[in-house]
Structures are given as C-alpha cells and as structure tokens.
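Colleague: I have a structure here, written as structure tokens, and I will follow up with some questions on it.
Chains as they are written, first to last, in the working numbering: chain A, -1 to 211; chain R, -1 to 211.
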C-alpha cells in the first residue's frame, strides 16, 4: 500500500488532528510541507490544485483527496475501524463535539495563538475577544470531561483526536491547561495513546525561522 | 407521530438551519422559545437540562435529544431520506462544507451580525476582524458556487441547508449578498424550495423588544 500523504505544517493544530489520527491508527503516511507562513495557502495554485478552501490539512489516499480535518478523521476511523464509536448515538455524539470544536473550542484558541504567539501582533480588543470565547469553550469541555474520561464515554474516539489538535502546543496565549484540570488530565490520556507524537516532532516546519524585522 | 420540538429563537441562524430542514423535509414540528436575549442559554438550568454547550438549536424527537445543527441536519436527512447525498464521496463533501460553515462561513458572520445589529456594540477592531474573515469565507463559497448550482453537485443537500442559516436575514453588517453574485443566486434557489419560510416568519421572538437605554 502506498503511504498516504498529508499536506501540513508543524504549527497547524488543524493539520495535527489528521497527523495524530494517522499515528494512533498506525497508518503509514508522509508529510507534504505547506509553506503557510510565506502565503502558500493563499495562492491561486494552492486553491486550484490542493484545496479551494485555502486550508490544511489535505489527505491524499491513492486517487482520493480529502480536506477538512473532521472529514479526514471520519474517513480514517471508518477505513481502519479504529477510534470509531460503536453505536449510531455515539457517532452523533462524536460529530457533535467535532462541530463544537470547529466552531468554538479550536477556532477561537487557534486564531488567538496565531495572533499572539506566531505573527507577533499586539494584545488588543481582538485578542481579548478571542481569549474570552476560547476560555468559555474550554470551560464547557472541562465540565464535560469532569463526567467522563473521554468525550464520548469511556473509550477514546476520533472526537478526542479532533479536540486534541491544539492542546499540546506550548504557546498558550493565556489559555493555560492548568486552569482546566479535567481537560488537562484528558490531554495526558491522549498523550499516552500508542503512536502519539508531539506536533512539533511530527510535522515539518518547526522551529519557524526568525521573523524579518 | 408526535411532532418534533425545536428549541430556537427567531434571530438564530444556527437554529434556522434546523427549522428550515424540518420545513423542506415536511416534518411536523413545533418551536420551544428560548429567551437568549435575557440570558436563558447561559443559565445552569439550561446547561443541565437542555444543552451543556449552552446553545440552540436542540431537537427533541421522542426520547432523543440532539444538539449541534450539523448533527440535526444529518439525523433528519437520514430519517427522511431527503436532501441526503447519494454516494459516500458526496456525503463526505457535504460534511466538508458543513464543517467549513461552522468554522468560518457562518461563525464569523453570525458573531459580526450579533455585535453590530442585535447587541448595539460599536464598530471597532473586533468588528473589522470579523468582517474581513466573513468576507473571505463568503468569497470561497461564492467561487465554489460559480461552478455548481448547489454545494454538492446539481441537487440540494443538507449542506446547502446548513450554509443557508444566515443568508436570509436582513441585517447584513456590511456583508452584502449582492457582492457575491453566485451565492446570491444560490440563496434564491434555496428560497424556492417547497416548504421554505423566512426565519423571522418561522421561529418565535421577532421582532425584539426595544432595548432599555
């Protein structure tokens, strides 16, 4: 079997979701580096040939090309039978958390981290807005994880892999895992899964070159 | 069959996705008004009894209670066989657009509209940030709809219902449909579906009472 290819870069937790899923499902894969910080995802060529949405990750499996991490996780779970909920009700529950993740849990934090820690923008109304919303979403997930070890019951599913996208990055932008103890313990459970690798050791492009002044 | 119940309020396009899906699938339903503007979704009772995520919509079908509009759309499509893509590849494509919708297309616009048009906040860095990102997401959807009548090929699917959540509201906060001609024509196609009703005529709570000074 040809290894799958994953368009990604080290700083993208959206891509890390897919890379981590490949790891924990023990699927052979190789990265295709995307030079996000020099604008590659915004080029016409990337949008025409790789992803019209201008985003990573993109997974290539033979003739199949998939984008959106939630689609990739669903695909890999069904293909490998790993991290797949058993019942229809649990499958809906997994999708529910993946949608909440895309809408609120990851998206506010990821944008905040990018602005504060990666693009060097200063604190202001926008970072305060994003931090407030990220904290609120983290609180909702923390309250849920007070009641179960994983997002959908007692076993990890691809919903856990989705929400794990950004929790291992050291750049916290003021959203510290220690403030959310159930979430922090859950993150440790994910890091203990066989195959787990830290995002900066798993995908190309870390560390970033120093920014031009 | 008992009518389904939908927790909703007129100003929520997230809820409208579910209400519109019930309409176009010809499913009997009745609304349960949620007093969002007086803080109902933030109460402990709402989070304990209705939705831990503190959001509408919530659909009740007998003993089943579902939240996240994407889950509700998927459920109704499978239950009724309506607006359901035919193939696995198309099903993934529908999920791809629903995720993009939750992450970018609806979420930036919905928050912008809420701030500018419903909560009376003034323009500033945050609204500029949200408008720029909403415009970018609208541009990506417009470019896609230049090539097909609906999001997943020639027939409408539940992905179209998802992205239609906020496009019919009159409060545009500077993101005018006329700037996105393919998207505008697509919205007209959705409005022509049998069963379509404008959000302000479909869900309770419109118009809002005047704000206290």
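A virtual CB, placed ideally from N, CA and C, is assigned to each residue, including glycine.
Predicted model only: the values in this text are computed from it and were never measured.
Assign residue 167 of chain A to one of three DSSP states: helix, strand, or coil.
Modeller: coil
Colleague: Going along the chain, which unbroken runs of the alpha helix (DSSP H) with 4 or more residues stay wholly within the stretch 48 to 100 of chain R?
Modeller: 67 to 78 and 86 to 98
Colleague: Taking any Cβ of chain A, which residues in the stretch 30 to 54 of chain R have a Cβ under 9 Å from it, in chain order?
Modeller: 45, 50, 51, 52 and 53
Colleague: Looking at the unbroken beta strand (DSSP E) that takes in residue 2 of chain R, where does it start and where does it end?
Modeller: 2 to 6
Colleague: Counting only Cβ pairs nearer than 8 Å, list the residues of chain R close to residue 66 of chain A.
Modeller: 93, 94, 97 and 98
Colleague: Inspect the beta-carbon positions of residue 21 of chain A and residue 200 of chain A and report whether they are closer than 8 Å.
Modeller: It is a contact, given that the beta carbons lie within the stated cut-off.
Colleague: Kindly identify the DSSP beta-bridge partner or partners of residue 29 of chain A.
Modeller: A:4
Colleague: Using 8 Å as the threshold, is the C-beta distance between residue 189 of chain R and residue 182 of chain R below it?
Modeller: no
Colleague: Verify the CB distance criterion: does residue 166 of chain A have a CB-CB separation below 8 Å to chain R?
Modeller: no
Colleague: Buried or exposed for residue 117 of chain A, please, with buried defined as at least 16 other CB atoms from any protein chain shown within 10 angstroms of its CB.
Modeller: exposed
Colleague: Just verifying my parser: in three-state terms, what is the DSSP assignment at residue 151 of chain A?
Modeller: strand
Colleague: With 7 Å as the limit, tell me which residues of the stretch 97 to 127 of chain A have their beta carbon closer than that to any beta carbon of chain R; keep them in chain order.
Modeller: Those would be 97, 98, 100, 101, 105, 122, 123, 124 and 127, in chain order.
Colleague: When you compare each of A:87, A:108, A:104 and A:19 to residue 281 of chain A by their alpha carbons, which one comes out closest?
Modeller: Beyond the ends of chain A as shown, which are -1 and 211, falls residue 281 of chain A; an answer cannot be given.
Colleague: Which residue's Cα is closest to the Cα of residue 132 of chain R: R:141, R:143 and R:104?
Modeller: R:104
Colleague: Helix, strand or coil for residue -1 of chain R? Go by DSSP, reduced to three states.
Modeller: coil
Colleague: Taking only three categories from DSSP, how would you classify residue 140 of chain A?
Modeller: helix
Colleague: For residue 44 of chain R versus residue 206 of chain R, is the C-beta spacing smaller than 8 Å?
Modeller: no
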